[in-house]
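2 protein chains.
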Amino acid sequence: MRQDPTTKEWVIIARDRAQRPHELVRKHNGPSLPEYSPTCPFCPGNEHMTPPEILSYKDPGTGCWRVRVFANKYPALSPVGSTTRREEEGFFRSMDGVGMHEIIVETPLHDERLARMDVRDIEHVLQAYRERYNALSAVDFVRAIVIFKNHGPSAGTSLMHSHSQLVATPVIPKMMRIRQNVAADYFDSIGRCLYHDLIEHERELGTRILRETERFVVFHPFASKQPFETWIVPKSRQASFGSVTDRDLTQLAGLLQMTLGALDKGLNNPDYNYIIHSAPTGEEDMKYFLWHLRIIPRVATMAGFEMGSGIRINPAIPEDTAQFIRACLKHCGRNL
Amino acid sequence: MRQDPTTKEWVIIARDRAQRPHELVRKHNGPSLPEYSPTCPFCPGNEHMTPPEILSYKDPGTGCWRVRVFANKYPALSPVGSTTRREEEGFFRSMDGVGMHEIIVETPLHDERLARMDVRDIEHVLQAYRERYNALSAVDFVRAIVIFKNHGPSAGTSLMHSHSQLVATPVIPKMMRIRQNVAADYFDSIGRCLYHDLIEHERELGTRILRETERFVVFHPFASKQPFETWIVPKSRQASFGSVTDRDLTQLAGLLQMTLGALDKGLNNPDYNYIIHSAPTGEEDMKYFLWHLRIIPRVATMAGFEMGSGIRINPAIPEDTAQFIRACLKHCGRNL
Numbered sequence: 001m002r003q004d005p006t007t008k009e010w011v012i013i014a015r016d017r018a019q020r021p022h023e024l025v026r027k028h029n030g031p032s033l034p035e036y037s038p039t040c041p042f043c044p045g046n047e048h049m050t051p052p053e054i055l056s057y058k059d060p061g062t063g064c065w066r067v068r069v070f071a072n073k074y075p076a077l078s079p080v081g082s083t084t085r086r087e088e089e090g091f092f093r094s095m096d097g098v099g100m101h102e103i104i105v106e107t108p109l110h111d112e113r114l115a116r117m118d119v120r121d122i123e124h125v126l127q128a129y130r131e132r133y134n135a136l137s138a139v140d141f142v143r144a145i146v147i148f149k150n151h152g153p154s155a156g157t158s159l160m161h162s163h164s165q166l167v168a169t170p171v172i173p174k175m176m177r178i179r180q181n182v183a184a185d186y187f188d189s190i191g192r193c194l195y196h197d198l199i200e201h202e203r204e205l206g207t208r209i210l211r212e213t214e215r216f217v218v219f220h221p222f223a224s225k226q227p228f229e230t231w232i233v234p235k236s237r238q239a240s241f242g243s244v245t246d247r248d249l250t251q252l253a254g255l256l257q258m259t260l261g262a263l264d265k266g267l268n269n270p271d272y273n274y275i276i277h278s279a280p281t282g283e284e285d286m287k288y289f290l291w292h293l294r295i296i297p298r299v300a301t302m303a304g305f306e307m308g309s310g311i312r313i314n315p316a317i318p319e320d321t322a323q324f325i326r327a328c329l330k331h332c333g334r335n336l
Numbered sequence: 337m338r339q340d341p342t343t344k345e346w347v348i349i350a351r352d353r354a355q356r357p358h359e360l361v362r363k364h365n366g367p368s369l370p371e372y373s374p375t376c377p378f379c380p381g382n383e384h385m386t387p388p389e390i391l392s393y394k395d396p397g398t399g400c401w402r403v404r405v406f407a408n409k410y411p412a413l414s415p416v417g418s419t420t421r422r423e424e425e426g427f428f429r430s431m432d433g434v435g436m437h438e439i440i441v442e443t444p445l446h447d448e449r450l451a452r453m454d455v456r457d458i459e460h461v462l463q464a465y466r467e468r469y470n471a472l473s474a475v476d477f478v479r480a481i482v483i484f485k486n487h488g489p490s491a492g493t494s495l496m497h498s499h500s501q502l503v504a505t506p507v508i509p510k511m512m513r514i515r516q517n518v519a520a521d522y523f524d525s526i527g528r529c530l531y532h533d534l535i536e537h538e539r540e541l542g543t544r545i546l547r548e549t550e551r552f553v554v555f556h557p558f559a560s561k562q563p564f565e566t567w568i569v570p571k572s573r574q575a576s577f578g579s580v581t582d583r584d585l586t587q588l589a590g591l592l593q594m595t596l597g598a599l600d601k602g603l604n605n606p607d608y609n610y611i612i613h614s615a616p617t618g619e620e621d622m623k624y625f626l627w628h629l630r631i632i633p634r635v636a637t638m639a640g641f642e643m644g645s646g647i648r649i650n651p652a653i654p655e656d657t658a659q660f661i662r663a664c665l666k667h668c669g670r671n672l
């Protein structure tokens, strides 16, 4: 059992039921897609099928959009209402579902996927993330912004055209508060940033590192909750994704392309989620937290034990999966 | 948004993307199974394919077992090792994966399922849970016991023959500690048991209640995290499932049959998990916690936002799903 130093959760790394990395390779290919779909609301020419455009980046040559942002037509939260808590019967607590839910279409091509996109195009996607993050973090009631991507049906996608999402919430998610509290306790006791120490120790060991650059470390964490879970953590001390620099974004785009590319080749286009973890908005000056990006391939099913206890059973050993991906990286010939 | 009073987590009840209960009915039937499978380690006659029997209840007439318990052949935790924490590089914390992982085969019939079983047979399964719970809670290093069932592939089953599992852990799962702390805070402030007040308020409102008996309340909770999430909570003040009485077990068997039966008919045999939540072992005398059973049909996929924030988006309204199941119960003619 290994403890995640960022949440204090214990994880079971199940050596006895361990699956070798190659056993987790996806066996069946998904349906192949056309480059354009007349019924897809995310395809160029179908812009009238979406809510009004909030942001787009256009190709200076053709004038067509490369990245396009608009509100989710079926939002989980919407910007109408109040954050005042209500008490029902003096016991149950509720509030309006006030917030924002946006879609970031990553490419005009219906059949493209992030793992195979040009690094410049990935950089545009990340720029759109940052621009929308900063616009929404200025909204008074917003307490947290979660940027995420669902790739493939078992990761929760309903539309196949490659896109990311952003949800701005009026509350601080419990898991975010737990991570913040653990980092604050560490800072109060040790006097250093937990995430900084974490990447220092991962670098020293080296066995779970996929790649290190001037500004980032990419690794499979010590207490990975799922096979091939990958963290991309900046070395700079930024609690908020909103304050990421242009130069960091360029490097992040390269690392994301590299990591998603290796997973795509190594595991045969697995379904995956990624999430950008940031500090709560309005608490972004804290010195003991680092924003970071986590990629979670959906190769294992969460069953009753995990749902009941919160303890995850990871059937793959992070040192093995890191070695497997390093071999893919060598083999793919991808280099930064 | 609604707050779960037992964890303080906020849940988004997405009215805008709400699915009507009947939209969540499973469309395709699974493969039909034979009554006996020669390759199934859980079928009678194949007992040599499992680790040694720990417990079984036999039919007094035929002498054949009706319920059979043995260690999981591929355990997540095993009873060898030490609970001493190790520090790696003075930073990462790990320990031996010491614990127990048992399988409870619920029926000798390969094609049977709990939702259709005789209430007496379900009672035997619950008796086996209690007997193993009490045996394992006496083991010195055991800190928590999680009893759970995975029904169907998307709930994490690999073997189709109907069975439950029990995992005894050497640590207190983080989620269990959070529930305990929330209940302790409530007790310290209000002076009453949170779970007792919770069922009182659910009873007063009535809109989410499926059934109430002398000893139990069955309902879809106010802040359901998933569509058709169902809690069965005792009215008696027991923190531990180990201290459940015979009479409670008899009623629980009836309610489980009723609830699983209604889900089975109403949603066409959905995949589901259930979990028995109990207090940590060794802390079972606490006056402010109630053991309870939660059923979670796997009709919604957890996507990136939920994984990143811990905030669940529930696309169904608990009052609607409760009404749907009450109609099923009437229609099925099931009554206690």
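Residue numbers (this note's numbering), protein chains in the order written: chain W, 1 to 336; chain Y, 337 to 672.
Don't be surprised by glycine CBs; every beta carbon is placed ideally from N, CA and C.
Just so we're clear, the structure is a prediction, and the values are computed from it rather than from any experiment.
Span separating the alpha-carbon of residue i from that of residue j
i: residue 533(Y); j: residue 493(Y); result: 35 Å
i: residue 96(W); j: residue 536(Y); result: 25 Å
i: residue 294(W); j: residue 112(W); result: 22 Å
i: residue 396(Y); j: residue 379(Y); result: 19 Å
i: residue 117(W); j: residue 257(W); result: 7 Å
i: residue 599(Y); j: residue 606(Y); result: 7 Å
i: residue 489(Y); j: residue 366(Y); result: 10 Å
i: residue 477(Y); j: residue 422(Y); result: 16 Å
i: residue 555(Y); j: residue 658(Y); result: 7 Å
i: residue 342(Y); j: residue 519(Y); result: 7 Å
i: residue 674(Y); j: residue 495(Y); result: With chain Y represented from 337 up to 672, any question about residue 674(Y) goes unanswered, as that position is not in the structure.
i: residue 150(W); j: residue 274(W); result: 7 Å
i: residue 479(Y); j: residue 359(Y); result: 41 Å
i: residue 139(W); j: residue 483(Y); result: 45 Å
i: residue 667(Y); j: residue 119(W); result: 58 Å
i: residue 45(W); j: residue 125(W); result: 20 Å
i: residue 671(Y); j: residue 665(Y); result: Low confidence applies to residue 671(Y): its pLDDT is 45, below 50, so where it sits in the model is not reliable, and the reading given next is rough at best. Cα to Cα, residue 671(Y) sits roughly 8 Å from residue 665(Y).
i: residue 529(Y); j: residue 573(Y); result: 9 Å
Residue interval of the alpha helix (DSSP H) (run including residue i)
i: residue 512(Y); result: 510-526
i: residue 202(W); result: 194-205
Range covered by the beta strand (DSSP E) that runs through residue i
i: residue 504(Y); result: 499-505
i: residue 216(W); result: 216-219
i: residue 485(Y); result: 480-487
i: residue 345(Y); result: Segment: none, residue 345(Y) is in no beta strand (DSSP E) and carries neither H nor E.
i: residue 413(Y); result: Neither: residue 413(Y) is in no beta strand (DSSP E) and is coded neither H nor E.
i: residue 212(W); result: 209-212
i: residue 570(Y); result: 566-570
- Message: Closer than 8 Å is the cut-off here; do at least three beta carbon pairs connect the segment 128-137 of chain W with the segment 36-55 of chain W?
- Response: They touch, by the three-pair rule.
- Message: Under 9 Å, CB to CB, which of the residues in the segment 474-486 of chain Y have a partner in chain W?
- Response: So the close ones are 480, 482, 483, 484, 485, 486.
- Members of the segment 641-672 of chain Y that neighbour chain W once the beta carbon cut-off is set at 7 Å: When CB distances to chain W are screened at a threshold of 7 Å, the residues of the segment 641-672 of chain Y falling below it are 641, 643, 644, 645, 646, 647, 649, in chain order.
- Task: Give, in chain order, every residue of the segment 4-25 of chain W whose Cβ lies closer than 8 Å to some Cβ of chain Y.
- Result: Of all residues in the segment 4-25 of chain W, the ones placed with a Cβ closer than 8 Å to any Cβ belonging to chain Y are 5, 7, 8, 9, 10, 12, 13, 14, 15, 16, 17, in chain order.
- Query: Taking any Cβ of chain Y, which residues in the segment 219-251 of chain W have a Cβ under 9 Å from it, in chain order?
  - Reply: Result list: 222, 223.
- Mind listing, in chain order, the continuous beta strand (DSSP E) runs of no fewer than 3 residues lying wholly within the segment 423-478 of chain Y? If we require 3 residues or more, the beta strand (DSSP E) runs fully inside the segment 423-478 of chain Y come out as 428-430, 436-441.
- Task: Anything in the segment 512-524 of chain Y with a Cβ closer than 7 Å to a Cβ of chain W? List those residues in chain order, please.
- Result: Per Cβ criterion, the list reads 512.
- Query: What are the complete alpha helix (DSSP H) segments, minimum 4 residues, inside the segment 577-664 of chain Y?
  - Reply: Runs found: 582-602, 640-645.
- Task: Note down, one range per segment and in chain order, each alpha helix (DSSP H) of at least 4 residues found wholly within the segment 24-72 of chain W.
- Result: Complete alpha helix (DSSP H) runs here, min 4: none at all.
- Task: Give the residues from the segment 388-401 of chain Y that approach chain W closer than 8 Å (Cβ to any Cβ), ordered along the chain.
- Result: Taking 8 Å as the Cβ-Cβ cut-off against chain W, none of the residues of the segment 388-401 of chain Y qualify.
- Query: Which residues, in order along the segment 158-171 of chain W, keep a beta-carbon less than 8 Å from a beta-carbon of chain Y?
  - Reply: Here the close residues are 165, 167, 169, 170, 171.
- Can at least three beta-carbon pairs, one atom from the segment 83-103 of chain W and one from the segment 160-170 of chain W, be found at a separation below 8 Å? The segment 83-103 of chain W vs the segment 160-170 of chain W: in contact.
- Query: Do the segment 308-323 of chain W and the segment 203-219 of chain W meet, that is, are 3 or more Cβ pairs less than 8 Å apart?
  - Reply: Contact between the segment 308-323 of chain W and the segment 203-219 of chain W is present, because at least three Cβ pairs lie under 8 Å.
- Message: I want to know whether the segment 630-646 of chain Y touches the segment 576-589 of chain Y - three or more CB-CB distances under 8 Å.
- Response: As far as the Cβ criterion goes, the segment 630-646 of chain Y does not touch the segment 576-589 of chain Y, which means the pair count is below three.
- Message: Which residues of the segment 405-416 of chain Y have a Cβ closer than 8 Å to any Cβ of chain W? Give them in chain order.
- Response: So the list reads 410, 411, 412, 413, 414, given in the order they occur along the chain.
- Are at least three pairs of beta-carbons, each pair with one atom in the segment 279-287 of chain W and one in the segment 224-242 of chain W, less than 8 Å apart? The answer is yes - the segment 224-242 of chain W touches the segment 279-287 of chain W, with three or more Cβ pairs under 8 Å.
- Query: In chain order, what residues of the segment 105-127 of chain W put their CB closer than 8 Å to some CB of chain Y?
  - Reply: Result list empty, no residue passes.
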